[in-house]
Amino acid sequence: MAKNISTSGRIRGPLVYQQRAATRVAHWVWAACFFLLLLSGLQIFNAHPALYVGSESGWEYDNAILAILADETDGGLRGRVRVFGMSLDTTGLLGVSGDEQRAFPAWATLPSYQDLSIGRLVHFFFAWVLVVTLIAWAVASLFNGHFRQLAPTVSDLRNLPGDMADHARGRFRHGRNYSPLQKLAYASVLFVLFPLIVLSGLTMSPAMNAAWPWLVDLFGGRQTARTVHFLAMAFLVAFFIIHIAMMVLAGPFNELRSIVTGWYRADKDVAPSTGDRA
Amino acid sequence: MNRLVLSRRRLLSLGGVAASAHMLAGCDQLDFIGRDDSRLRPVFSAASSLTYRVQRVIVGDALAPEFAESEIR
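Chains as they are written, first to last, in our numbering: chain A, 8 to 285; chain B, 77 to 149.
Okay, here's the thing in structure tokens:
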């Protein structure tokens, strides 16, 4: 069998077709949606920068678990975050930034100035794009074998501790399929965080409360749904940061090629199979 | 070869990605969307009409949920 020799003289593994076309298109649509939904979402959050837990609403007692505040002090405006009863001075980032009273700073919101209606317009547009892409991707994934790529197997569970140790040491394996940790991360986003953020978003809509009252019961109230929506966003931001770091550490050229063209250079100990390229 | 250590090349590319992500978020380049004469406005507004029509289909004759007095403070 002919061996793959790279220009540097090293033996390379086979080029395997890893990312299906529907997955690649959906990935980049979601990447754009992620940024625009995040920035417009923070704009909407700024209109009332507090999160509550519970189904009640009113003013009799305070059930806020997070609030971003601005205090008038002798030294000028100070930004403050109150989270679970703790108070942190966050002047410059949260509460007060650019000598202005605003929860999230101008660079983190869309538009950069305060405008709830434009924020909502942009947010709901990209919410539609996200949901339509999610449905199309799910239907395609039923037929192109992508769900089977994502589903964890018994051997994945067995290899999970070893895979975690490998990742912690920066030793990345480039296999024919995703590693156990990759499957776990992608499945959490696609099957947990995406449905959660869509359903908790719908729960905030008064019309949807009329149509599907079970949504409010599911989340334990509209305010709790808003908090869940925010937490799901925080998890997605954490995923994004780790996702980019892993991509860079595991070899940005190879990883980017696989999500643009579908073809992925596996390690040299991966046995070639039909359909591979040299 | 020590595979635990970040090479300089990787550190540089990591920094590059971080910088470009910062630039993407840290700008007001998208503020034109909010202008009344923006050509994107009708595109975004079309999503609002879609939302309205889809909601009317789903909602039908359903009424807003009622809440008990104990749930209102």
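By construction, the Cβ of each residue, glycine as well, lies at the ideal position given by its N, Cα and C atoms.
Predicted model only: the values in this text are computed from it and were never measured.
Given that a residue counts as buried once 16 or more other Cβ atoms are within 10 Å of its Cβ, and exposed if not, what is D122(A)? buried
Establish whether the CB of N216(A) and some CB of chain B are separated by less than 7 angstroms. yes
Neighbour list for A144(B) in chain A, Cβ cutoff strictly below 7 angstroms: Near A144(B) there are no residues of chain A at all, since even the closest Cβ is about 10 angstroms away, more than 7 angstroms.
Spell out whether any CB of chain B is found under 7 angstroms from the CB atom of R265(A). One detail in the question is off: residue 265(A) reads as Ser in this sequence, not Arg. No, S265(A) does not count as interfacial toward chain B.
Who pairs with Y120(A) in a beta bridge, going by DSSP? As far as DSSP is concerned, Y120(A) takes part in no beta bridge.
Proximal residues to F201(A) (C-beta, below 7 angstroms), its chain only, five neighbours per side dropped: L141
CB of V88(A) within 7 angstroms of CB of I75(A), strictly: yes
The alpha helix (DSSP H) enclosing I204(A), as first and last residue numbers: 201 to 210
The alpha helix (DSSP H) with V135(B) in it runs from where to where? 117 to 135
Just checking: is the beta-carbon of L116(B) within a distance shorter than 7 angstroms of some beta-carbon in chain A? no
Quick check: the Cα distance between F246(A) and M240(A), rounded to an integer number of angstroms? 10 angstroms
Could you have a look at A77(A) and say whether DSSP puts it in helix, strand or coil? strand
Nearest-angstrom Cα separation, counted from L139(B) out to F260(A): 54 angstroms
CA-CA distance, F226(A) and P220(A)? Going from the Cα of F226(A) to the Cα of P220(A) covers about 11 angstroms.
Count the other CB atoms within 10 Å of the CB of T281(A); is the residue buried (16 or more) or exposed (fewer)? exposed
Quick one, which of A77(A), A257(A), V60(A) has its alpha-carbon nearest H174(A)'s? For H174(A), the closest C-alpha among the options A77(A), A257(A), V60(A) is that of A257(A).
Touching or not, the region 222 to 238 of chain A and the region 205 to 212 of chain A, by the rule of three or more beta carbon pairs under 8 angstroms? Judged by Cβ distances under 8 angstroms, the region 222 to 238 of chain A makes contact with the region 205 to 212 of chain A, as three or more pairs qualify.
Would a check of beta-carbon distances place Q131(B) closer than 7 angstroms to chain E? Protein chains in the displayed structure are A and B, and chain E is not among them.
CB contact flag (F228(A), G126(A), <7 angstroms): Going by the sequence as given, residue 228(A) is Gly instead of Phe. Not a contact, by the Cβ cut-off of 7 angstroms.
So that I know if they touch, is there some Cβ in chain A lying closer than 7 angstroms to that of D104(B)? yes
What are the partner residues of I94(A), as DSSP defines its beta bridges? The sequence given here has Ser at residue 94(A), not Ile. Beta-bridge pairing links S94(A) to R89(A).
Just checking: is the beta-carbon of F237(A) within a distance shorter than 7 angstroms of some beta-carbon in chain B? no
Specify the secondary structure class of S146(B) as computed by DSSP and reduced to three states. Three-state DSSP puts S146(B) in a helix.
Would the region 76 to 84 of chain A and the region 92 to 107 of chain A be scored as touching if the rule is three or more Cβ pairs under 8 angstroms? yes
Using the C-alpha atoms, what's the distance from P112(A) back to T97(A)? One C-alpha to the other measures close to 11 angstroms.
Selection of the region 133 to 150 of chain A by Cβ proximity to chain B, strictly under 7 angstroms: W135
Cα-Cα separation between Q105(B) and A285(A), rounded to whole angstroms: 43 angstroms
What's the C-alpha gap between M8(A) and P279(A)? The pLDDT assigned to M8(A) is 44, lower than 50, so where the model puts this residue is not dependable, and the model offers no usable value.
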